Amino acid sequence: MYSNCISVKTKKEIVDDWLPRYTGTNLEEFGDFILLTNSNSYLDLFSSLFKVPIKGKDRAMPSVTHDRITLINFGMGSPNAATIMDLLGAIQPKAALFLGKCGGLKKKCKMGDMILPIAAIRGDGTSDDYFPERVPALPAFNLQKVMSTIILNHRKNYWTGTIYTTNRRVWEYDQNFKEHLRLTRSIAIDMESATLFIVGFANQIPTGALLMVSDQPMVASGIKTQASDKKVTEKFIEEHLKIGIDTLNDLIEKKIHVKHLRFD
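Just so you know, the sequence shown maps onto residues 9 to 272 in the working numbering.
Pasting the structure below:
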C-alpha cells in the first residue's frame, strides 16, 4: 500500500527532504548565507534588485537566491521561526539574518527606526521545546557587530536593547499584558526573534536580527493597521533589505567567521 514511500528516520534525513518541500528550492540551489523575512514585499524587492526569480510561490516558504545569498519568507510567528531554523540544518548556512518588523515599546522609537537586538526574552513558548527557560536567547555577537558598522555606513542610527518575543498576536487591548511588557524594560516586541536565536543555537547556525519599528502598540494611535503597515513597507523596507544584504556581503568578502562558539 505504501510501496512508494521512502523511509526517513534521522533528523538529517527529514530536513533534507522537507527544506525543498517547504521552499520549492533544491538543497544545492541555496546560498550559504541566509536572509529571513516574513513578508513577501522583501522577496519581491530582492527579486527586482537582482533580476532573479522567486521560487516556491505555491509553497509555505518561498525563496529567492542571488549568488551566495538566499532570502526566505518563512511566515509569521514562533512555530514557523522554529521550523525554518530546523530545516536550515539541511544546508548548515554560515549565517542566518532575520529582517523583521517589530512594535516599538518606547516613545523614543519612531516608525522606521532600526533596532539591533542584544537579546530576546522568551515569551514565545516554542523555544521551551529546545532549551530550558533559563537559557537566554542571544544573537551571534560577531554578526550583530558587523551589522552595526553596515548600518552606520548607510548613515542610519539604530537603537539596541532587549526584544520581547511573544506567541500572542492580538494583545494590544490588554492592559495587564502591557504592564507586564513595561516591567520587562524591553525596547520592542515581535513574534520571532527569541525563537530564531534559540533554535539557531540548537542547530549550530549563527543567527542575528535587524528589526524595523513598524508600529507603536502601547498607544491606541500607534497600533498597526493595514494602511499604516503599507506606508511603512513602501517607505522603509528597501533600506532595511539593503542593510541586510550588505551585511552578508561584508561577511563574504572579508571572510569573517561568525560561528565563534564551540558547539558540542
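The beta-carbon is built from N, C-alpha and C at its ideal position, and this holds for glycine as well. Keep in mind it's a predicted model, so treat the numbers as computed, not measured.
At what residues does the beta strand (DSSP E) containing residue i begin and finish?
i	result
V23	Counting along the chain, V23 falls outside any beta strand (DSSP E), though it belongs to the alpha helix (DSSP H) covering 19-31.
T168	166-174
F41	41-45
I129	122-131
L35	No beta strand (DSSP E) holds L35; DSSP gives it neither H nor E.
D52	Here D52 belongs to no beta strand (DSSP E); instead the alpha helix (DSSP H) covers 48-58.
A217	215-223
H74	71-74
Residue i by DSSP, collapsed to three states: which one?
i	result
N3	Since the first residue of the chain shown is 9 and the last is 272, residue 3 is not available in this structure.
H248	helix
H162	coil
L146	coil
I231	coil
G64	coil
D254	helix
I264	coil
Q100	coil
E242	helix
F209	helix
K1	It is not possible to answer for residue 1, since the shown part of the chain is limited to 9 through 272.
Is residue i near the ligand GTP, in the sense that its beta carbon is under 7 Å from a heavy atom of that ligand?
i	result
R176	You won't find the ligand GTP in this model; it holds no ligand whatsoever.
Take residue i and list the residues in its own chain whose beta-carbon comes closer than 8 Å to its own, dropping the five residues that flank it on each side.
i	result
P61	S55, V72
With a threshold of 8 Å between beta-carbons, can residue i be considered close to chain B, or not?
i	result
K243	The structure shown has no chain B; it contains just one protein chain.
Give every residue of the same chain whose Cβ lies closer than 6 Å to the Cβ of residue i, excluding the five residues on either side of it in the sequence, and list them in chain order.
i	result
P225	G111, E180, I231
V207	A90, M93, Y138
K109	M220, S222
A145	A128, R130, A202, F205, I206
L27	L95, A98
A68	Y30
At what residues does the alpha helix (DSSP H) containing residue i begin and finish?
i	result
A103	Per DSSP, A103 belongs to no alpha helix (DSSP H); it is in the beta strand (DSSP E), 103-112.
M93	86-95
Could you work out which residue in the options is closest to residue i when comparing CA atoms only?
i	options	result
N175	H265, M84, N257, G252	M84
T344	N88, T45, A228	One cannot answer for residue 344 here, as it falls past the ends of the chain, which runs 9 to 272.
F41	P101, F149, P70, S49	P101
P147	L107, K164, K63, H162	L107
V178	D237, M199, T168	M199
V227	I264, K186, L191, K262	K186
K279	A98, E36, T233, P214	Since the first residue of the chain shown is 9 and the last is 272, residue 279 is not available in this structure.
Y172	R163, D132, M155	D132
W167	Q152, Q183, M122	M122
K164	E247, T255, I260	E247
K153	P70, K238, G216, L51	G216
I245	F58, S194, M119	M119
Once the 5 residues before and after residue i are set aside, which same chain residues still bring their CB inside 7 Å of it?
i	result
D75	G39
Suppose only complete runs of 4+ residues qualify. What are the alpha helix (DSSP H) ranges in the stretch 170-204, listed by chain order? 183-192
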